[in-house]
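See structure below.
Numbering (the numbering used here), first residue to last: 1 to 255.
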């Protein structure tokens, strides 16, 4: 009997405790919903900063000049190339001439400072009305190296772009991978080649540079920089004078 009473007593105490824990029933207040609103617009009248390729800080370069067209998808700037001055070699061997690093200045007026960088093509895809930012970057030699005064041309001359990389100083999270940079052959007159083809989801929005060799090598001792070379076949007779060419870079949607 003692065992039975103890068990019953424990059960009664437990039931009483549960009864004491029951909350009083009350009606919940009605909920109220608020709204949020935001609108995004785009200003295409301002170009990106003219920093060294792959950098986002430091003094801006005075050259190259920038394309002022208010476009979301565009080539922003291209460096001019100087292949230096050379003595004519009177044999039929193929000739190769390396481009000098791009030389420009920073600062204004009497405070200008000389600076050297790798050659580069700066472009942007800041289209904000598309699902993905797919694009191609292409180049074409639209004018062969020629001397207008003498009417002579470096027939068969090509441009060999080397040590190519895709860099950015401002949009690292959306930088397309190295796989988007195509393997290219020397650029032949009037034949277009694609250097970059980006179809990577979530990549490609922002400002980027196609860079040839590095800024470090461009700033190093003479002969260290290997970004672009002018290749002239041995069958081409060299004449004295300055020769100029034009290379046209373009960007297009790749959908």
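Quick reminder that beta carbons are idealized off the backbone N, C-alpha and C, glycines included.
**Study point:** Best match in 147, 198, 143 for proximity to residue 137 [C-alpha to C-alpha]
**Key:** Residue nearest to residue 137 within the set 147, 198, 143 is 198 (criterion: CA-CA distance).
Check your understanding: Residue ranges of each beta strand (DSSP E) run of no fewer than 3 residues wholly in the segment 141-190, ordered along the chain?
Key -> Segments of the beta strand (DSSP E) lying fully in the segment 141-190: 158-161, 164-167.
Check your understanding: Does the segment 237-250 come within contact of the segment 130-146, defined as at least 3 CB pairs closer than 8 Å?
Key -> Result yes; three or more Cβ-Cβ pairs closer than 8 Å.
Practice item. Rounded to whole angstroms, what's the CA-CA distance from residue 148 to residue 233? Just pull it up for me. Key: Roughly 20 Å separates the two Cα atoms.
Check your understanding: Can at least three beta-carbon pairs, one atom from the segment 168-180 and one from the segment 198-216, be found at a separation below 8 Å?
Key -> Touching, yes.
Exercise for review: Measure the Cβ-Cβ separation of residue 103 and residue 213 and say whether it is below 8 Å.
Suggested key: No, these two residues do not count as a Cβ contact at 8 Å.
Practice item. Measure the alpha-carbon distance for residue 163 versus residue 67 and round it to whole angstroms. Key: Cα-Cα distance, rounded: 25 Å.
Check your understanding: If you run the structure through DSSP and keep just helix, strand and coil, what is residue 109?
Key -> The answer is helix: DSSP assigns residue 109 an H, G or I state.
**Study point:** DSSP three-state assignment for residue 29, whether helix, strand or coil
**Key:** Residue state, collapsed to three classes: coil.
Check your understanding: Is the number of C-beta pairs between the segment 35-43 and the segment 77-85 that are closer than 8 Å three or more?
Key -> Result no; under three Cβ-Cβ pairs closer than 8 Å.
Review point. Where does the unbroken beta strand (DSSP E) through residue 132 begin, and where does it stop?
Key: From DSSP, residue 132 is part of no beta strand (DSSP E); its letter is neither H nor E.
**Study point:** Span of the beta strand (DSSP E) around residue 198
**Key:** In the DSSP assignment, residue 198 falls within the unbroken beta strand (DSSP E) covering 193-198.
Point to revise | Whole-angstrom distance between residue 134 and residue 236, CA atom to CA atom | key: Residue 134 has its alpha-carbon roughly 41 Å from the corresponding atom of residue 236.
Point to revise | When 49, 225, 153, 253 are compared against residue 238, the one with the closest alpha-carbon | key: If we check each option's Cα against that of residue 238, 153 comes out closest.
Review point. Can residue 243 and residue 101 be called in contact, C-beta distance under 8 Å?
Key: No, Cβ-Cβ distance for residue 243 and residue 101 is not below 8 Å.
Exercise for review: Give the C-beta separation of residue 209 and residue 53 to the nearest angstrom, bearing in mind that I take them to be a contact with Cβ-Cβ under 8 Å.
Suggested key: 4 Å between Cβ atoms; contact.
Point to revise | Status (buried if at least 16 other CB within 10 Å, exposed otherwise) for residue 90 | key: Counting the other Cβ atoms within 10 Å of the Cβ of residue 90 gives fewer than 16, which makes it exposed.
Practice item. Apply the 10 Å Cβ neighbour rule to residue 115 and answer buried if 16 or more other Cβ atoms are within range, or exposed otherwise. Key: Classification of residue 115: buried, given that the 10 Å Cβ count is 16 or more.
Check your understanding: According to DSSP, is residue 209 helix, strand or coil?
Key -> Note: residue 209 maps to strand in three-state DSSP.
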